[in-house]
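Top line first, the protein sequences correspond to chains A and B.
Just so you know, we're using the working numbering here: the first sequence kicks off at 1 and counts up by one.
Just so you know, we're using the working numbering here: the second sequence kicks off at 1001 and counts up by one.
Think of the CB as a built atom: it goes at the ideal place given N, C-alpha and C, for glycine as much as any other residue.
Shown next, in structure tokens, is the structure this report addresses.
Number of protein chains: 2
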Amino acid sequence: MEIAILLFDGTTHLDSVGPYEVLHNLPDTDVKFVAKAKGAYRDRCGMLSLNADFSLDEVTAPDILVVPGGGGADAAAEDRELTDWVAAVHATTTWTTSVCTGALILGGAGILDGIKATTHWRALDTLRTFGAEPVTERVVREGKVITAAGVSSGIDMALTLAAEVAGDDIAKAIQLGIEYDPEPPFDAGDHTKAPEDRIALWRAGINKIKR
Amino acid sequence: MEIAILLFDGTTHLDSVGPYEVLHNLPDTDVKFVAKAKGAYRDRCGMLSLNADFSLDEVTAPDILVVPGGGGADAAAEDRELTDWVAAVHATTTWTTSVCTGALILGGAGILDGIKATTHWRALDTLRTFGAEPVTERVVREGKVITAAGVSSGIDMALTLAAEVAGDDIAKAIQLGIEYDPEPPFDAGDHTKAPEDRIALWRAGINKIKR
């Protein structure tokens, strides 16, 4: 089985590395990080880069596509070279998936028109511009298209997908392997329950606060 | 504030990228991926590489150290160049942390002698060889040393650390930003509750199964 994970400038890397750590363990599976050109792709803040080992023209028929999001996803959703590739490989995938604002890129490729989808809470309304119906759920499945909510939700999405692809026993063994038994110190990850000042703090950019 | 995240050959990348996505959002913070030499570091299966932008001699006094684990951690724990650097920077850190079998590297640096610590379940007993007392908890804090359990636990560890460093309000805003409201599809991440055959399946290496 071949799995393609798309990279672009301004990717949030947990969006891809979370699913990767689940999916690369599936039986007899190759995961290929793919981008317009081979090389390093930095996130929006510039402090971490991952490498794409493959260019778009080298990966034409993955069984599974994973599209991460991030600050660069809005621009990527309007980049025809990227969205044409996504649309082309989607024609023959078994599963097409997104994490976070990667959903905007699926939208830009015309994949979400008329279906339910989710994304990071900051972009839920934007999904409508692609004809999608935004849904506030962590993992949304519509036929072969699976969209996940923000950043960390990719782990939940990938375990759900692993069970579909290889069965519950293998998905559970992978969950054991990555010791995914979460104990968040706070109950603060759900935007529908977050106070306005916390949402405003995140939107303002915490890293820019000078101490 | 300066945060150093160590890379080496055979790192499990979610061990570092999970904490990274939390910690790089802290106010006025630089995160530096550091390794023996600058460049790309692949995980054990070889399908993903992250880049170290800094060499060990360029990062000598981080406020926070994060040491990830992975298949290469056992060898890294015996690599004097790495463990000498870890021991040296630990002398002046505010917090020294590990995720997964990164604890073995802290052990090799002499940091766990006589204290409680945790790691990935596959290596809990190995902690004793470094004088540590293995503890089956997700996040273990002993003074300024924080060790976390396997792979995904680094997210929980980093949010705990973020609250210590910058307060609960900022930690909660970061948790909201990465939408960490986990919904694992199975209750299968706790090794103390896992059946023997599932543990054996993981140990055998699921990816090697031919379909």
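Item to check | Status (buried if at least 16 other CB within 10 Å, exposed otherwise) for A/Glu81 | outcome: exposed
Item to check | Start-to-end residues for the beta strand (DSSP E) that takes in A/Trp95 | outcome: 95–98
Checklist entry - Does DSSP put B/Ile1105 in a helix, a strand or coil? => result Of the three classes helix, strand and coil, the one that applies to B/Ile1105 here is helix, per DSSP.
Next on the checklist: On the DSSP letters alone, give me the boundaries of the beta strand (DSSP E) that B/Ile1005 sits inside.
Outcome noted: 1002–1006
Item to check | A/Val135: first and last residue of the uninterrupted beta strand (DSSP E) it sits in | outcome: Annotation: A/Val135 is outside any beta strand (DSSP E) and is labelled neither H nor E by DSSP.
Next on the checklist: Does chain A have any CB closer than 9 Å to the CB of B/Phe1008?
Outcome noted: Output row for B/Phe1008: interface = no.
Checklist entry - From this set, A/Val145, A/Asp187, A/Cys45, which residue's C-alpha is nearest A/Ala91's C-alpha? => result A/Val145
Checklist entry - What's the gap between the Cα of B/Lys1116 and the Cα of B/Leu1127? => result Just so you know, the alpha carbons of B/Lys1116 and B/Leu1127 end up roughly 9 Å apart.
Checklist entry - According to DSSP, is A/Phe219 helix, strand or coil? => result Past the boundaries of the shown model lies residue 219 of chain A; chain A is included only from 1 to 211, so the question cannot be answered.
Next on the checklist: Using only the alpha-carbon positions, how far apart do B/Lys1193 and B/Leu1007 sit?
Outcome noted: 31 Å
Checklist entry - Which chain A residues are close to B/Thr1012, counting only those with a beta carbon under 8 Å from its beta carbon? => result Glu21
Checklist entry - Which ranges does the beta strand (DSSP E) cover as unbroken runs of at least 3 residues, wholly within the stretch 7–57 of chain A, from first to last along the chain? => result 30–35, 39–42, 49–52
Item to check | Selection from B/Glu1142, B/His1024, B/Asp1009 that minimises the alpha carbon distance to B/Ala1166 | outcome: The residue with the shortest Cα to Cα distance from B/Ala1166 is B/His1024.
Checklist entry - With B/Ser1152 and A/Glu179 assumed to form a contact (beta carbons below 8 Å), what rounded beta-carbon distance in angstroms separates them? => result Their Cβ separation, rounded to whole angstroms, is 6 Å, which keeps B/Ser1152 and A/Glu179 in contact under 8 Å.
Next on the checklist: Along the stretch 173–190 of chain A, where does the CB come closer than 9 Å to a CB of chain B? Name the residues.
Outcome noted: Within the stretch 173–190 of chain A, contact with chain B at the beta-carbon level (separation under 9 Å) is assigned to Ala173, Ile174, Gln175, Leu176, Gly177, Ile178, Glu179, Tyr180, Asp181, Pro182, Glu183, Pro184, Pro185, Phe186, Asp187, Ala188, Gly189, Asp190.
Item to check | Status (buried if at least 16 other CB within 10 Å, exposed otherwise) for B/Pro1195 | outcome: exposed
Checklist entry - What's the C-alpha gap between A/Asp28 and A/Val140? => result Going by the C-alpha atoms only, they are around 26 Å apart.
Checklist entry - Can you tell which of B/Thr1160, B/Ala1163, B/Cys1100 has the C-alpha that lies nearest to the C-alpha of B/Val1135? => result B/Cys1100
Checklist entry - If we call anything under 9 Å between Cβ atoms a contact, is A/Lys32 one with A/Ile3? => result Contact flag set, yes.
Checklist entry - Nearest-angstrom Cα distance between B/Gly1069 and A/Glu78? => result 38 Å
Checklist entry - For B/Lys1036 and chain A, any beta-carbon pair shorter than 9 Å? => result With 9 Å as the cut-off, B/Lys1036 does not count as an interface residue toward chain A.
Next on the checklist: Please confirm whether B/Trp1202 has its beta-carbon closer than 9 Å to some beta-carbon of chain A.
Outcome noted: yes
Next on the checklist: Going by DSSP, what residue range makes up the beta strand (DSSP E) through B/Ile1146?
Outcome noted: 1145–1148
Checklist entry - What residue does the alpha helix (DSSP H) around A/Val212 start on, and which one ends it? => result Given a span of 1 to 211 for chain A in the structure shown, any question on residue 212 of chain A remains unanswerable.
Checklist entry - In angstroms, rounded to a whole number, what distance separates the CA positions of B/Gly1046 and A/Asp53? => result Near 11 Å, if we compare the C-alpha coordinates of A/Asp53 and B/Gly1046.
Next on the checklist: Distance cutoff 9 Å, beta carbons only. Does B/Ile1064 sit that close to anything in chain A?
Outcome noted: Any Cβ of chain A closer than 9 Å to the Cβ of B/Ile1064 would place that residue at the interface, and such an atom is absent.
Checklist entry - Given a threshold of 16 other Cβ atoms within 10 Å of its Cβ, counted over all protein chains shown, does B/Glu1058 qualify as buried or as exposed? => result exposed
Next on the checklist: According to DSSP, simplified to helix, strand and coil, what is A/Val59?
Outcome noted: Three-state DSSP puts A/Val59 in coil, outside helix and strand.
Next on the checklist: Short of 7 Å Cβ to Cβ, which residues in the stretch 1055–1089 of chain B face chain A?
Outcome noted: none
Item to check | Identified DSSP bridge partners for A/Leu65 | outcome: A/Ala4, A/Thr96
Checklist entry - Is the CB of B/Lys1032 under 9 Å away from at least one CB in chain A? => result yes
Next on the checklist: Can you tell me which residues form a DSSP beta bridge with B/Val1140?
Outcome noted: B/Thr1147
Item to check | Residues of the stretch 138–160 of chain A whose Cβ lies closer than 7 Å to any Cβ of chain B, in chain order | outcome: Arg138, Ala149, Gly150, Val151, Ser152, Ser153, Ile155, Asp156, Leu159, Thr160
Checklist entry - Does A/Gly18 have its Cβ less than 9 Å from a Cβ in chain B? => result Yes, its Cβ sits closer than 9 Å to a Cβ of chain B.
Checklist entry - If contact means a Cβ-Cβ distance below 7 Å, which residues of the stretch 38–52 of chain A contact chain B? => result Ala40, Cys45, Met47, Leu48, Ser49, Leu50, Asn51: these are the residues of the stretch 38–52 of chain A whose beta carbon lies less than 7 Å from some beta carbon of chain B, given in chain order.
Checklist entry - Opposite B/Lys1116 in the DSSP bridges: which residues? => result When DSSP reads this structure, B/Lys1116 sits in a beta bridge with B/Glu1133.
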